[in-house]
Each structure stands twice: as C-alpha cells, then as structure tokens.
Amino acid sequence: MTTTSENIIETRGLTKRFGQRVAVAGVDVSVPRGCAFGFLGHNGAGKTTLIRLLLGLTQADAGTMQIAGRPIPQERAQVLARVGAIVEEPHFHGHLTGRENLRVIAAARDPQAVSRIDGALQRVGLSDRAGDRVRTYSQGMRQRLGVARCLLAEPELLILDEPMNGLDPGGILEFRKMIAELVGEGRTVFLSSHLLDEVEKTCDAAAVIDRGRVIAQGSIGELVRSEHAELEIGCDRPELALDLLDSHDGVAAAQRIDDGIRVTLSSNDGAASINARLVQGGVAVFRLTPVRESLEQRFLEITSQIGDPQ
Ligand code: ATP
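For the sequence shown, our numbering begins at 105 and goes up steadily by one.
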C-alpha cells in the first residue's frame, strides 16, 4: 500500500456504530491522489456513513482518518477548506438562476470565490444555461451545478455521494466526462456508487464495501483481474493447438471455442511463449485476446464469499 503523502484520504480501523448495528466496521481505505476513486457497495453497505465521517458530520467510535495528510476531525476546518462535497442532493433556490445561486454562495465565502464562478460553470458544462432559473434544470444539471458550487473553493478533493443516482444515460455520460476533466486538472474525485458499471467506466481505482467492511480495493485492473487469467486464441487448427499446449508449463487448462481455443494460464506472463509454441508448431494464430472479467462479475464473486448478514 502506498505511503501517506501519496494518499489524499487514509482511514485506519475506522468504525461507526448505530446502537447494535456496525455501519462502518474497521475500515482501512487509501485513496491515491489525482485519480477518480469509486467507493462501491450495495444500498446500506456503509458508504454514506463513511463519507459523513470523513466530513466530520458524524463522530467515529474508533479508528483514525487523514485527508491530505492531516487528521480528521482535529484539523477539520483547515482541511475541508480545500475539499468540495455533495452528500445529499444539492439544494438550490429554484427561482434564481444557476449563476445567481453561485453568487449567493460565493458571497458567503472568500472574495476569490466570486471570480471562480464563470470558470466553474464552464467546467461543469453549464455556461449556456447559467442564466436560466434552476427550477428549469434537469436532475443532471442540478448535480453539475452542485459540482460547480464545490469548485468555488478550488478543491483538491471532491467527495460525491452517489452522484450519478437517478441520472439518465446522457446525464451519466456528461457527468463521467466532467469527472475525467476534473481528474485531468490534478484533482481527486472520491465518489460512492452502487452502480458497478459506472465505477468501472468512471474510476481508476475503487474500494468495495460490504456490510461495513472493505473487502477489496485497488486499481480497477487489479480488482477485475481473475486469479486464473484466460486467453482466447483465434487460430486455424484448434485440435493441433490443443495438442501443442498439452505439455506447456504456462497452461493450466485449454478447450475448444468457435474459432480456436480458450486457455487458462497458470501464470500471468505466459501469452508470448504460448503464441510462439503454436506458431512454431504450424498453427496460424490470428487473434490472441485476454479474457477480462467485468467488475460486476468480480463484485458478485467477492461479495458472495462473505457469510450471512450480521
Ligand atoms: P445507501 O446507498 O442506501 O445510501 P449506504 O451504503 O450509504 O447505503 P449507509 O447509509 O452508510 O449505507 O448505512 C449503513 C448502515 O447504517 C445501514 O444499515 C443503515 O441503516 C445504518 N444507518 C445509517 N445512518 C443511521 C442512523 N443515523 N441511525 C441508525 N442507523 C443508521
């Protein structure tokens, strides 16, 4: 695991109980700087509670948290000055325009916030609609206005609780593009979601939370990497290919598929030597594709390994 200075969020043994129920159970999360990080779990898994802990909105029963290397809740005020967060659906004055809403908020902050309004509206793709009343906005536009509000603080970290909930496919696409741009500017975006597909498409890395516990975390590539990587090999003489690979060290199993064979590797670096063996043995290889599990398959595998609900 990376060191503190590389991680913008770090929690250790973080625990929160509501009566008998443990909503967050000894959670260690490390969020690297400058990435989109997904906090993935079913409804009730503990995502909102962890976010509320990070923002100092509720008190932990045990454990420690750091944002940008500083302890929370001890240095909450200084730390949160550079953090933008949307925990619930953002509320705006419907009778005011998007720009007017941001002016009201900026006026209550530091003087520089006012000068950031136009840039923030542009960044979230609302420049064209900034003069319209917010009550005419779609849910996706309100969410993006919420992000624009966060940007008034020039945050290095954005914490967004289920930001894509209820958005239509077009809204999701725009939101995803906006997140990529925010990360491109060097910010970190931490977002919670129960939408596996969205986390896979939007985030560079993720933690999977199940009944208050983090059961897996890492880059999306690491999370979806199966223990037994597989290759699909399109080739002209599949029976010969199976014979040639029968005694190959890098092959744990192999079988016929429509246009060739499917191979389960015994190590992750066997593809090149398998290819060489086939070609030298007289098999024409026209396709060699690693079989990648989707995050959804992986999520179902790991969450189902956990015992009965507490
Ligand atoms: P969702 O996606 O449905 O919002 P979540 O992953 O954000 O779910 P949390 O809202 O953090 O989950 O809830 C985790 C657990 O803690 C749930 O069992 C929930 O019922 C419980 N919980 C959360 N807040 C409270 C509270 N204020 N009082 C009692 N129990 C709570």
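Every residue, glycine too, gets a C-beta built ideally from N, C-alpha and C.
**Message:** Does the structure place the segment 265-276 close enough to the segment 195-208 that three or more beta carbon pairs sit under 8 Å?
**Reply:** No, because fewer than three Cβ pairs between the segment 195-208 and the segment 265-276 fall closer than 8 Å, the two stretches do not touch.
**Check: Asn379 C-beta below 7 Å from any heavy atom of the ligand ATP** = Because no heavy atom of the ligand ATP lies under 7 Å away, the Cβ of Asn379 does not count as near it: no.
**Prompt:** Tell me the DSSP bridge mates of Asp265?
**Reply:** Bridge partners of Asp265: Ser296.
**Message:** On the DSSP letters alone, give me the boundaries of the alpha helix (DSSP H) that Phe279 sits inside.
**Reply:** Run containing Phe279: 273-288, per the alpha helix (DSSP H) assignment.
**Request:** Confirm the yes/no value for this check: CB of Gly142, any heavy atom of the ligand ATP, distance under 7 Å.
**Result:** Here the distance from the Cβ of Gly142 to the nearest heavy atom of the ligand ATP is not below 7 Å.
**Request:** State the DSSP-derived secondary structure class of Val191, mapped to helix, strand or coil.
**Result:** In this structure, DSSP gives Val191 a state outside helix and strand, which the three-state scheme calls coil.
**Request:** Give the straight-line distance between the Cα atoms of Val355 and Leu349, rounded to the nearest whole angstrom.
**Result:** Rounded to the nearest angstrom, the two C-alpha atoms are 7 Å apart.
**Request:** Enumerate in chain order the residues of its own chain whose CB-to-CB distance from Ala345 is below 6 Å, with the five nearest sequence positions on each side excluded.
**Result:** For Ala345, where only same-chain residues beyond five positions count, the Cβ hits under 6 Å are Cys339, Ile365, Leu382, Val387.
**Message:** Val287 and Ala140 - do their beta-carbons sit closer together than 8 Å?
**Reply:** Contact check for Ala140 against Val287 passes: the beta carbons are separated by less than 8 Å.
**Item:** One or two residues paired with Arg140 in a DSSP bridge
**Value:** The sequence given here places Ala at residue 140; Arg does not occur at that position. According to DSSP, Ala140 bridges with Val293.
**Asked** So, Ala185 versus Ala129, is the Cβ gap smaller than 8 Å?
**Response** Contact check for Ala185 against Ala129 fails: the beta carbons are separated by 8 Å or more.
**Request:** Pick out whichever of Pro342, Arg280, Arg174 has its Cα sitting closest to the Cα of Gln359.
**Result:** The residue among Pro342, Arg280, Arg174 with its C-alpha nearest the C-alpha of Gln359 is Pro342.
**Prompt:** In the structure shown, what three-state DSSP assignment does Gln64 receive?
**Reply:** Residue coverage of the chain in this structure runs from 105 to 414, which leaves residue 64 outside it and unanswerable.
**Asked** For the segment 162-188, which segments carrying the beta strand (DSSP E) assignment without a break, of at least 3 residues, lie completely within its bounds, in sequence order?
**Response** Within the segment 162-188, the complete beta strand (DSSP E) runs of at least 3 residues are 166-171, 174-176.
**Asked** Taking DSSP as the reference, what is the three-state secondary structure of Asn205?
**Response** Helix at Asn205.
**Item:** Rounded separation between Pro413 and Asn147 - CA only
**Value:** Unreliable positioning characterises Pro413 in this predicted model, as indicated by a pLDDT of 44, which lies under 50. A coordinate reading is not provided.
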